[in-house]
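Protein chains in written order, with my numbering: chain A, 1 to 303; chain B, 1001 to 1303.
The structure appears below as structure tokens.
Number of protein chains: 2
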Amino acid sequence: MSLFVSGTVALDNLKTPSGVRKKMLGGSASHFCMSASLFEDVHLAGIVGKDFLAKHLQLLKNKGVNLSSLQRTNGKTFEWSGEYKNGNFNEALTLKTQLGVLEGYEPKIADSQKKISNVFLANDDPIIQNKVLNQIKKPRLVGLDSMNLWINIRKKLLLSLIKKVDLFVANDGEARMLTKENNLIKAAKALRRLGPKLIVVKKGEHGVLFYSDDLMFSFPAYPVEKVLDPTGAGDTFAGGLMGCLAQSKRLNKEALKQAVLYASVLASFNVEGFGVEKTSRLTAPMVNKRMKEFLKFMHPIVC
Amino acid sequence: MSLFVSGTVALDNLKTPSGVRKKMLGGSASHFCMSASLFEDVHLAGIVGKDFLAKHLQLLKNKGVNLSSLQRTNGKTFEWSGEYKNGNFNEALTLKTQLGVLEGYEPKIADSQKKISNVFLANDDPIIQNKVLNQIKKPRLVGLDSMNLWINIRKKLLLSLIKKVDLFVANDGEARMLTKENNLIKAAKALRRLGPKLIVVKKGEHGVLFYSDDLMFSFPAYPVEKVLDPTGAGDTFAGGLMGCLAQSKRLNKEALKQAVLYASVLASFNVEGFGVEKTSRLTAPMVNKRMKEFLKFMHPIVC
């Protein structure tokens, strides 16, 4: 089954202790597409400006991403400049944000894409996410991601959106912020009460917690020693999760555990390279090899 | 095979959002004994004063703990008063520490205990830990725990001790402090280079990382919603780990994974009650029931 994602497509400028990169392909939807396209045909909705790099468009096309709902208009592409200082990869320091064409963006979903059964609203202004969701016709599964900024300035709208989706992914900080619960099990249960049947709390290097009415589990993260750039790890995770779930006929316990395993493995590749440098080159054998290592690493039995 | 532990035996006064307790049985060795005694005969070395409560001694005896090397002298028992504020259970606020009989304590290990094959040096002044280790004769397995205080003020001696042991357990903060590595995989490898073949990094609510030359794994923590008092969770973990390893004929991969699983389960009981209130009442069926739940929770396959 196909997969539809709406989110930001950006140009990222990044400085870390390992190096500097300019105008990389960035944005929540771009990172999502890298991992999701390993599983399914992905349809992307978003907006870029005239300055968007042709090679980035080509990369998305090469990944089989359908760009019918990607608008290209006059103006500048959304551009983010950030820094990770002193080996602290837990939080990026934002140096500059240029909204560009995001200001005044009116999402228009191609008719052929309005009936896609698996939908993900990657991190974006909840106003945009809401406008996208209103154009979609009864999907099987809708997932949602957000960030601290929107929890702060668009909480009411975000909560109304959360109520309408099936799957909500949040990192631990966002989960605590939204629910005011310090204990993550309590926070996951509180998120469930906000509406979504499936709750995924990402804990970065500490792995992930999944919660639903009849299934709760936690996995560690795949052990990465050399973190180069964690930007987009959560989006890559979400792409793997949704891609894997879109492939599963039923959203049963087995499918949910498997999807979280794949999502974790894919996110681990993301942090090992700048931007999409590593995730854009992934192949099924590379992913499956790491999955085997991951299972060895986290399995209670020696395998 | 029997198990020997040296560490503090204390009276703990605690204040948390859930309540207040006075003169509870506390100390690293006491907590260790609660979980270790579920697996093996435990021999305890330490010191208490005349004010130590008879009911605490009786509890240790009821657990089958051999007290031949527990000194009882004039003076006050080591007493710790602490507080967990505002539901933040990550760090205790120490209100008062009364060293009492710990000052001038000269450990004397009973002859019959000097040949015990499994030894654990629970958190204590490295000067004491060193004096104990010097009396022990070629054990099969020696484990060591410490804390930030000793890393700060006894680093040189602590490092010389670490060099002599087989197993070192540290929490994530201590691992980072000792190795100056922020990444926990790198920190675990750096600890391995300090000497011990087996490294266990405890991450509290995020679980545990194990590292040795031919085995690395990570498990999440058993999900606890109602944390009452995390004091001694690390000692309870160590008791389960050493107790389980003492029972295993060989320290192979299977035994190590199993021991870390039991240690995690036992630590989860600790945090659910004040002091040893919950761990002192544990039975094998209670532990095995939770182990089944834990395996369900962390197993990559639905089971």
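Don't be surprised by glycine CBs; every beta carbon is placed ideally from N, CA and C.
Being a predicted model, the structure only gives us computed values, none of them experimental.
### Message
Is there a C-beta anywhere in chain B that falls below 8 Å from the one on F219 of chain A?
### Response
It does; some Cβ of chain B falls within 8 Å.
### Message
Below 7 Å on C-beta distance, what does V1302 of chain B contact in chain A?
### Response
K253, E254, K257
#### Entry: Element boundaries [alpha helix (DSSP H), containing N148 of chain A]
148–153 is the span of the alpha helix (DSSP H), which, as asked, contains N148 of chain A.
### Query
Using a beta-carbon distance below 8 Å, is P230 of chain A in contact with chain C?
Annotation note: the requested chain C is absent from the structure, which comprises protein chains A and B.
### Query
Where do the N-terminal and C-terminal ends of the alpha helix (DSSP H) with Q1135 of chain B fall, by residue?
Careful: Q1135 of chain B lies outside any alpha helix (DSSP H) and carries neither H nor E.
### Task
Ignoring anything shorter than 4 residues or poking outside the segment 1223–1257 of chain B, list the alpha helix (DSSP H) runs there in chain order.
1233–1247
### Query
Can you tell me where the beta strand (DSSP E) with R1072 of chain B in it begins and where it stops?
1066–1073
### Contact set between E1091 of chain B and chain A, taken where Cβ atoms lie within less than 7 Å
Simply none; closest approach about 13 Å.
### Message
Taking 8 Å as the threshold (beta carbon to beta carbon), is V1200 of chain B in contact with chain A?
### Response
no
### Query
Between the segment 273–283 of chain A and the segment 229–239 of chain A, do three or more beta carbon pairs fall short of 8 Å?
yes
### Query
V1048 of chain B and A1029 of chain B: beta carbons closer than 8 Å?
no
### Message
Can you look up F1297 of chain B in the DSSP assignment and give me helix, strand or coil?
### Response
helix
### Message
So for N118 of chain A, helix, strand or coil by DSSP?
### Response
strand
#### Entry: is_contact[P1285 of chain B, chain A] using C-beta, thresh 8 Å
It does not; no Cβ of chain A falls within 8 Å.
### Query
What residues of chain B sit near G273 of chain A, judged by a beta carbon separation below 7 Å?
Correct list: empty, because the minimum Cβ distance to chain B is about 16 Å.
#### Entry: According to DSSP, residues forming a beta bridge with F1274 of chain B
DSSP, once it has assigned bridges, lists no residue as partnering F1274 of chain B.
### Task
Measure the Cβ-Cβ separation of V1201 of chain B and A1221 of chain B and say whether it is below 8 Å.
no
### Query
For L184 of chain A, which residues in chain B fall below 8 Å Cβ to Cβ?
E1205
#### Entry: L1011 of chain B versus C244 of chain A - alpha carbon distance
53 Å
### Query
In angstroms, rounded to a whole number, what distance separates the CA positions of K156 of chain A and K163 of chain A?
11 Å
### Query
Under a CB-based cut-off of 8 Å, is E174 of chain A close to chain B?
no
### Task
Answer yes or no: does any C-beta atom of chain A fall closer than 8 Å to that of F1269 of chain B?
no
### Query
Any idea if Q58 of chain A is buried or exposed, counting beta-carbon neighbours within 10 angstroms, 16 or more meaning buried?
exposed
### Query
Out of curiosity, what's the CA-to-CA distance linking N66 of chain A and L141 of chain A?
19 Å
### Task
Go ahead and label G232 of chain A buried or exposed: buried means 16 or more other beta carbons lie within 10 angstroms of its beta carbon, across all protein chains shown.
buried
### Query
In whole angstroms, what is the alpha-carbon distance linking F78 of chain A and K292 of chain A?
38 Å
### Task
Mind checking which residues open and close the alpha helix (DSSP H) that includes D1172 of chain B?
Run containing D1172 of chain B: 1172–1179, per the alpha helix (DSSP H) assignment.
### Query
Using a Cβ-Cβ cut-off of 6 Å (strictly less than) and excluding sequence neighbours within five positions of R1154 of chain B, which residues of its own chain qualify?
P1126
### Query
L245 of chain A CB to nearest chain B CB: under 8 Å?
no
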